[in-house]
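Colleague:
In this note's numbering, the protein residues as written are 20 to 437.
1) Could you pull the start and end residues of the alpha helix (DSSP H) that residue 250 belongs to?
2) The alpha helix (DSSP H) that contains residue 11, what's its start and end?
3) To the nearest angstrom, how far is the alpha carbon of residue 305 from that of residue 261?
4) Express the C-alpha separation of residue 403 and residue 416 in angstroms, rounding to a whole number.
5) DSSP three-state call for residue 199: helix, strand or coil?
6) Considering only residues of the stretch 380-405, which uninterrupted beta strand (DSSP E) runs meet the minimum length of 3 residues and lie entirely inside it, listed in chain order?
7) What does a CB cutoff of less than 8 Å around residue 247 pick up in its chain, not counting 5 residues either side in sequence?
8) Span of the alpha helix (DSSP H) holding residue 73?
9) Grab me the residues of residue 98's own chain with a C-beta within less than 7 Å of its C-beta, minus the 5 sequence neighbours each way, in chain order.
10) Between residue 392 and residue 336, which are expected to be in contact by the criterion C-beta below 8 Å, what is the C-beta distance as a whole number of angstroms?
11) If you draw a straight line from the C-alpha of residue 381 to the C-alpha of residue 243, how long is it?
12) With DSSP collapsed to three states, give me the class of residue 208.
13) What's the call for residue 209, buried or exposed, on a 16-neighbour Cβ count within 10 Å?
14) Could you give the distance in angstroms between the alpha-carbon of residue 345 and the alpha-carbon of residue 285?
15) Indicate whether the contact test is met: 3 or more Cβ pairs, each with one atom in the stretch 182-202 and one in the stretch 131-145, closer than 8 Å.
16) My assumption, with CB atoms under 8 Å, is that residue 405 sits in contact with residue 340. Please give the rounded CB distance.
17) So, with DSSP's three-state summary, where would you put residue 63?
18) Answer yes or no: does any C-beta atom of chain B fall closer than 8 Å to that of residue 66?
19) Would residue 365 and residue 228 be called neighbours here (beta carbons separated by less than 8 Å)?
20) Does DSSP classify residue 354 as helix, strand or coil?
21) With H, G and I counted as helix, E and B as strand and the rest as coil, what does DSSP make of residue 144?
22) With C-beta atoms as the reference, is residue 338 less than 8 Å away from residue 294?
23) If you check the beta carbons only, do residue 141 and residue 124 fall under 8 Å apart?
24) On the DSSP letters alone, give me the boundaries of the alpha helix (DSSP H) that residue 314 sits inside.
25) Looking at C-beta atoms only, is the number of pairs between the stretch 221-241 and the stretch 351-370 that lie closer than 8 Å three or more?
26) Near residue 257, what residues of its chain come up, given a Cβ to Cβ distance below 7 Å and the 5 sequence neighbours on each side ignored?
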């Protein structure tokens, strides 16, 4: 399992790097305003995927061994088509998609959903190498096709849309071929659909709150300040959220370990150790971004991209809070207390709405950064209070101590053993 763990982390890093490369190319060749439109298109697709995942998301990993690939696959296909058909008519009237891009958002969401269904079913079969290879392949296809299209006929926003079609369409086709070689079984489709709904609906409710918490600021920046400031804020959030790659990977391992431990003391110790490592990684990554000269950002993203360093600095407290939250969230999930993650996301969203409507109209992207830091801090504070009450931990336990070194080594060995 060592290779699987390393491969998954590597795939996530490759995807994050590719997203930043695409953003850099778009910012330099198309301008920040077009980056803002791109971010809104991606967000519209994310909303559709959220609805699709009610019956076709991560629950497929759990359900595949119980209901079989063939049954789950066709149910997920049908649900995806239904959700995308609704989205094609609803996105623009609801203001969830840039003008003129609603049909593209729905079509791209369908292609992405088909590929994601296949990838998730491969995870359910523990085909980690194939899953990671397809993820990296999708990333390479997006970057290479975007670069090629930018060079043909001059840079244009439509090049990004076409690159998304190539990337998601190619992944859907390639993953279908890979999945077709896997043996499959059939079960009762009605029972399978109800199981998918029971698993998917609560999870996507929490994910929906989290998505709004992360991205509501996009709509507010666009509404009050326009596309170019949104482009700057979107680039900042992409870079800043890359500091969560390590914490998310540790959180995944923690979830598996906590789920299989009965001893509350060991669960608490593992969670505290993972949280300290996560925060340390985030501190190092955020410090690097803050210490980089402004000239580096303008060199990478173009002369319009002024102010990223300050935005990252303002956002840093929130980044550290969310790094800690990764460990606490997986503790809640691993011990069957998922509702607390939903509550924390709801509190963060409430803070985002209340502060965002005050700070973003007045301060733009910097107001969005302040809002995000406050919202993330409220979320992790709630989780910490609940964690302390359940586990018997104290806030003093969150500070580094002499036994942390041995615990860190034990946790890293468990990561590699997987």
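The C-beta atom is built at its ideal place from N, Cα and C for all residues, glycine as well.
All of these numbers come straight from a predicted model, not from anything done at the bench.
Modeller: According to the structure data:
1) 246-260
2) No information on residue 11 is available, as it lies outside the stretch 20 to 437 that the chain covers here.
3) 9 Å
4) 11 Å
5) helix
6) none
7) 50, 51, 52, 55 and 323
8) Careful: residue 73 lies outside any alpha helix (DSSP H) and carries neither H nor E.
9) 71, 74 and 75
10) 5 Å
11) 9 Å
12) helix
13) exposed
14) 18 Å
15) yes
16) The pair is not a contact, with the Cβ atoms about 15 Å apart (cut-off 8 Å).
17) helix
18) This model lacks chain B altogether, as it is built from one protein chain only.
19) yes
20) coil
21) coil
22) no
23) no
24) 313-320
25) yes
26) 38, 39 and 42
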